[in-house]
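Under the numbering used here, the residues of the sequence shown are numbered 31 to 243, in order. Where is the CB? At the ideal position from N, CA and C, for every residue including glycine. Every value quoted in this text rests on a predicted model; they were computed, and no experiment measured them. One structure is given below, encoded as structure tokens.
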Amino acid sequence: MIRRAAVVAGLMIVVLLCTSSLMAQSRGSKYDPESLVEEAPKKFRVKFETSKGEFEILVKREWAPLGADRFYNLVQSGFYDGVRFFRVVEGFVVQFGISGEPAVSRVWREATIEDEPVVENNTRGAISFAKSGKNSRTTQVFINLGDNRRLDQMGFSPFGRVVKGMTVVGQLYSNYAEKITKQQHKIVAQGNVYLERSFPNLDYIEKATIVDE
31 MIRRAAVVAG
41 LMIVVLLCTS
51 SLMAQSRGSK
61 YDPESLVEEA
71 PKKFRVKFET
81 SKGEFEILVK
91 REWAPLGADR
101 FYNLVQSGFY
111 DGVRFFRVVE
121 GFVVQFGISG
131 EPAVSRVWRE
141 ATIEDEPVVE
151 NNTRGAISFA
161 KSGKNSRTTQ
171 VFINLGDNRR
181 LDQMGFSPFG
191 RVVKGMTVVG
201 QLYSNYAEKI
211 TKQQHKIVAQ
221 GNVYLERSFP
231 NLDYIEKATI
241 VDE
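Rendered as structure tokens:
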């Protein structure tokens, strides 16, 4: 009887492990952009646990469906875990979204999404995807620290807004200012290894999770 119970318990563990593996696969992998195409809920909140404290973002898909979907999938895949807030300019923006793993950055380089109409304004607390030209959004996002409505005319379309912990966002380490922005190619190529060596005081995301849908 004891042996039979042990066998059954072993089988249950295998089943649970397989189920967990299948669930992870169904959510896609940050190493495979084509697997992260799930449509996001109409509204959802994301909690960011950071080295400075916690903040939450409310995403509304109606504001920018493509942006909301991309953000939802990136969070679900754990993409933002460990990512540094590499650009913090007081009164302007907090920018993040370059993976700490060069291998991940490489596969997302060409995984762009199209531009969308600007429905909401880039005012304090609004979050938008960064871009370098037409239809160039990938994984980098920025949170507005001030009234940046001039960015509306440039096609930066907010998909959510910080609804809790904006004080935390405003306290992220900013002494590197724009100096680090010119080093994005090195961040992409070397990831967190480079940042930890050259910009050790950067704040970072410990974990980002969907907390309600």
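Do residue j and residue i come within 8 angstroms of each other at the CB atom, strictly closer than that value?
i, j, result
"VAL134", "TYR234", "no"
"GLU86", "ARG75", "yes"
"ALA94", "ALA70", "no"
"ILE157", "ARG191", "yes"
"SER277", "SER129", "The displayed coordinates of the chain run from 31 to 243. Any statement about residue 277 would go beyond what the structure contains."
"VAL198", "GLY83", "yes"
"GLU68", "ASN103", "yes"
"LEU225", "GLY200", "no"
"PRO132", "VAL218", "yes"
Measure the beta-carbon distance from residue i to residue j and round it to whole angstroms, keeping in mind my assumption that it falls under 8 angstroms.
i, j, result
"VAL123", "ALA207", "Rounded, the Cβ-Cβ distance is 11 angstroms, inconsistent with contact."
"PHE101", "PHE186", "No, PHE101 and PHE186 are not in contact; Cβ-Cβ is about 14 angstroms, not under 8 angstroms."
"GLY195", "ILE173", "With a Cβ gap of about 11 angstroms, GLY195 and ILE173 do not count as contacting."
Around the C-beta of residue i, are 16 or more other C-beta atoms found within 10 angstroms, so that it is buried, or is it exposed?
i, result
"PHE230", "Residue identity check: residue 230 is Pro in the sequence provided, not Phe. That one is exposed."
"GLU146", "buried"
"GLY121", "exposed"
"LYS164", "exposed"
"LYS216", "exposed"
"SER56", "Here SER56 scores only 41 on pLDDT, less than 50, and its place in the model should not be relied on; the value that follows carries that caveat. Result: exposed."
"ARG136", "exposed"
"ARG179", "exposed"
"VAL223", "exposed"
"ASP177", "exposed"
"ARG227", "exposed"
Enumerate in chain order the residues of its own chain whose CB-to-CB distance from residue i is below 6 angstroms, with the five nearest sequence positions on each side excluded.
i, result
"LYS237", "GLU79 and ASP111"
"GLY127", "THR169, GLN170 and VAL171"
"THR239", "LYS77"
"SER65", "GLY58 and SER59"
"LYS90", "LYS73"
"SER81", "ASP233 and TYR234"
"PHE159", "GLY97, ARG167 and VAL171"
"LYS161", "ARG167"
"GLY40", "Bear in mind that the predicted position of GLY40 carries a pLDDT of just 48, short of 50, making it unreliable; the figure below should be weighed with that in mind. Nothing meets the Cβ criterion."
Whose C-beta lies closer than 8 angstroms to the C-beta of residue i among residues of the same chain, with five residues either side of it excluded?
i, result
"ALA54", "Below a pLDDT of 50, predicted positions are generally treated as unreliable, and ALA54, at 40, falls in that range; the measurement from the model is reported next regardless. Nothing listed; no residue qualifies."
"SER204", "VAL118, VAL119 and GLU120"
"SER166", "THR142"
"GLN220", "PRO132"
"GLY63", "The sequence given here places Pro at residue 63; Gly does not occur at that position. Excluding residues within five positions, the ones whose Cβ falls inside 8 angstroms are VAL137, TRP138 and ALA141."
"VAL105", "VAL76, ALA238, THR239 and ILE240"
Within the same chain, show all residues whose beta-carbon is closer than 7 angstroms to that of residue i, passing over the 5 residues directly before and after it, in chain order.
i, result
"PHE115", "VAL124, PHE126, LEU202, LEU232, ASP233 and TYR234"
"MET184", "none"
Please determine if the segment 140-153 and the segment 209-219 are in contact, where contact requires at least 3 C-beta pairs separated by less than 8 angstroms. no
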